[in-house]
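Contents: one structure, followed by commentary.
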Amino acid sequence: MRDLNVFVRTTLAISTLACMSATLALAQFPGRPAGQYEITVTNLTRGQVLSPPVVAVHAEYFGGIYQLGEPASTELAMVAEDAVNGPLMSMLQADPSVMSVGAMDGPIPPGVSESIMLDGMGVFRYISVVGMLVETNDGFFALNGERGPNLGSATFFSPAYDAGSEANTELCQDIPGPPCGNKGVRVTDGAEGFVHVHEGFHTGDPDNGLPVAQYDWRNPVAKITITRILP
């Protein structure tokens, strides 16, 4: 628990921008109540902790957080490698196709749900979410531009993805989350170079690795529920 608390404090210190609205988008609709989306992320794994997810409400023409088969952006790689949210949030806030951006308050342990409320209206009705599987080298989960419901709730499931920016050593010396705590270590030799569906935990190094039985998973790894909150 101490290791997780340290990870929480470190992550929150790096990612201080949370629950920010795009005031430019609101100004385009003077006098009109925005409405909101409640986005809830549930960790479906047995042993992986999810980093505080970055969430954005945007228009359909937003370019997306990632593209399968393409290299990860630097900003996405920073989330997938070390749970560093700040650069991705700054990039999203500067994009005119994005209305509101936020990050959840802390990591999400197995079986736990966390939520955030963000403004959304008009063409800004699409939601993207991304966070790290913190006991991996560069694994992440994501929702990539799904349309929010007009009424009620909609539920989506995310597999684990691999950013392809690091090799999957599965060694504690290369992994940021507890019980390892080695943020900022990058192993690029053997990195795939493109985003793909993660193959899971397999190495099981008896001396320096994390136990496969505890940290491996079966997809999906996250449930994402979007609820429309009308004004």
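Sequential numbering of the sequence shown, starting at 3, is according to my numbering. Beta carbons: idealized from backbone N, C-alpha and C, even for Gly.
{"Asked": "Does residue 94 come within less than 9 Å of chain B when only Cβ atoms are used?", "Found": "Any reference to chain B falls outside this structure, which holds one protein chain only."}
{"Asked": "Does the beta-carbon distance from residue 82 to residue 191 come in below 9 Å?", "Found": "no"}
{"Asked": "For residue 22, which residues of its own chain have a beta-carbon under 8 Å away from its beta-carbon, when the five flanking residues on both sides are left out?", "Found": "At residue 22 the pLDDT is 41, less than 50, meaning the model places this residue with poor confidence and gives no usable figure here."}
{"Asked": "Thinking C-alpha only, which one of 203, 150, 222 is nearest residue 216?", "Found": "203"}
{"Asked": "In the DSSP assignment, the alpha helix (DSSP H) including residue 63 goes from what residue to what residue?", "Found": "Looking at the DSSP string, residue 63 is not in any alpha helix (DSSP H), and its letter there is neither H nor E."}
{"Asked": "For a minimum of 4 consecutive residues, which ranges assigned as the alpha helix (DSSP H) are wholly contained in the region 60-146?", "Found": "76-84, 88-95"}
{"Asked": "Could you tell me whether the Cβ atoms of residue 52 and residue 67 are closer together than 9 Å?", "Found": "no"}
{"Asked": "Identify which residue in 206, 169, 189 has its Cα closest to the Cα of residue 200.", "Found": "169"}
{"Asked": "Using a 10 Å radius around the Cβ and a threshold of 16 neighbouring Cβ atoms, would you call residue 223 buried or exposed?", "Found": "buried"}
{"Asked": "Where does the unbroken beta strand (DSSP E) through residue 224 begin, and where does it stop?", "Found": "224-231"}
{"Asked": "What are the boundary residues of the alpha helix (DSSP H) that residue 50 is part of?", "Found": "Careful: residue 50 lies outside any alpha helix (DSSP H) and carries neither H nor E."}
{"Asked": "Determine the extent of the alpha helix (DSSP H) in which residue 215 is found, giving its start and end residues.", "Found": "214-217"}
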